[in-house]
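Be aware that the sequence shown starts at 3, since it is given in the working numbering, and climbs by one per residue. Quick reminder that beta carbons are idealized off the backbone N, C-alpha and C, glycines included.
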Amino acid sequence: MNQADGVSEKLLNAATEYLKNGRWFDWIHTQISLDFARRLCAEVGADPKVVLPAVILHDIGYYFYSDIENLEILTTMPNIPPFSEDIKEGHLVKGAELARKILNGVGYDYKVEEIVWIVRNHEGTDDRKRFLNINQAVVSDADSLFRVTDVGVRQAAEAYNLREEEIVKKMLELKDMWFITNEAKAIADEELRKLRAYWILEGFWR
Ligand SMILES: [Fe+2]
Ligand SMILES: [Fe+2]
Numbered sequence: 003m004n005q006a007d008g009v010s011e012k013l014l015n016a017a018t019e020y021l022k023n024g025r026w027f028d029w030i031h032t033q034i035s036l037d038f039a040r041r042l043c044a045e046v047g048a049d050p051k052v053v054l055p056a057v058i059l060h061d062i063g064y065y066f067y068s069d070i071e072n073l074e075i076l077t078t079m080p081n082i083p084p085f086s087e088d089i090k091e092g093h094l095v096k097g098a099e100l101a102r103k104i105l106n107g108v109g110y111d112y113k114v115e116e117i118v119w120i121v122r123n124h125e126g127t128d129d130r131k132r133f134l135n136i137n138q139a140v141v142s143d144a145d146s147l148f149r150v151t152d153v154g155v156r157q158a159a160e161a162y163n164l165r166e167e168e169i170v171k172k173m174l175e176l177k178d179m180w181f182i183t184n185e186a187k188a189i190a191d192e193e194l195r196k197l198r199a200y201w202i203l204e205g206f207w208r
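Now the structure itself:
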């Protein structure tokens with residue numbers, strides 16, 4: 003285990019309670035995004051000591067909305083109704099405050115301001131993202147890559163009551179505006195080719 007992963011484990015323990023009580027899939031989403039983030043850090047030279055904590059903490063703000071019914075369809079796909087800008091914005095603001103508390107709580111003191119800033123700004127709507135640097139870009143890309151995984155597609159299909167093929171079709175139209183780094187775009191294409199629904203759409207599944 004390297005140093006950054008040691009930090010991740012401690013933070014993940016501290017964030018678990020919030021992640022398991024936000025949207026039902028936030029815990030899974032965070033684990034999967036964390037794997038993408040590790041890979042992207044290595045590929046683009048981002049700082050894992052900033053990126054991994056930011057990924058772990060990026061969606062803890064949904065904890066404050068756990069009482070809201072259908073929280074996942076209000077927050078999963080920008081541009082697809084009934085998406086809620088208010089909840090999206092709220093999870094950024096409240097999540098950033100909570101992130102600072104958690105980082106302080108575990109005694110993490112490396113680039114805390116940057117990590118909190120990234121949690122606060124890890125997404126706009128897809129077409130108006132604001133970016134500071136490569137660390138923020140990697141957090142945003144690792145976050146978005148979840149969508150093109152088996153679990154992400156299944157979650158979206160269930161949330162919107164659509165078939166997985168319909169979700170993947172929508173993704174093929176929208177994905178180019180989801181990613182900032184070319185490395186993430188390449189991983190997204192790789193992940194899509196692992197999906198049965200992708201091959202159904204391509205006409206190669208009988
Ligand atoms: Fe988020
Ligand atoms: Fe996320």
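Is residue i helix, strand or coil by DSSP?
i: Lys196; result: coil
i: Ile70; result: coil
i: Lys22; result: coil
i: Arg156; result: helix
i: Glu168; result: helix
i: Arg208; result: coil
i: Trp180; result: coil
i: Ile82; result: coil
i: Asn15; result: helix
i: Asp28; result: helix
i: Tyr112; result: coil
i: Glu125; result: coil
i: Thr77; result: helix
i: Asn163; result: coil
i: Ala48; result: coil
i: Asp143; result: helix
Among the options, whose alpha-carbon lies nearest the alpha-carbon of residue i?
i: Val121; options: His60, Glu87, Thr32; result: His60
i: Asp145; options: Gly205, Ala159, Asn123; result: Asn123
i: Arg25; options: Asn81, Ala186, Glu91, Tyr67; result: Tyr67
i: Glu74; options: Ala48, Ser142, Pro50, Tyr162; result: Tyr162
i: Met179; options: Ala48, Arg149, Ala56, Ile34; result: Arg149
i: Asn81; options: Leu194, Met173, Trp207; result: Met173
i: Gln33; options: Leu147, Arg165, Tyr112, Glu160; result: Leu147
i: Ile189; options: Tyr64, Lys51, Glu45; result: Glu45
i: Thr78; options: Glu204, Ala56, Glu125; result: Glu125
i: Pro84; options: Asn184, Lys22, Leu203, Glu71; result: Glu71
i: Gln138; options: Val170, Lys103, Pro55; result: Pro55
i: Phe38; options: Arg208, Ile62, Arg165, Thr183; result: Thr183
i: Ile58; options: Asp28, Glu193, Leu176; result: Asp28
i: Ala158; options: Arg102, Lys196, Leu76; result: Leu76
i: Glu11; options: Cys43, Glu167, Pro50; result: Pro50
i: Arg102; options: Glu204, Gly63, Glu192, Ala199; result: Gly63
i: Thr18; options: Tyr65, Val155, Arg198, Glu91; result: Tyr65
i: Gly109; options: Gly205, Trp207, Glu204, Ala16; result: Ala16
i: Glu185; options: Leu21, Arg40, Asn23, Tyr20; result: Arg40
Should residue i be counted as a contact of ligand 2 given a C-beta to heavy atom distance under 7 Å?
i: Asp145; result: yes
Exercise. Which residues have their C-beta within less than 6 Å of a heavy atom of ligand 1, listed in chain order?
Worked result: One residue list follows from the rule of a beta carbon closer than 6 Å to any heavy atom of ligand 1, given in chain order as His60, Asp61, His93, His124, Glu125.
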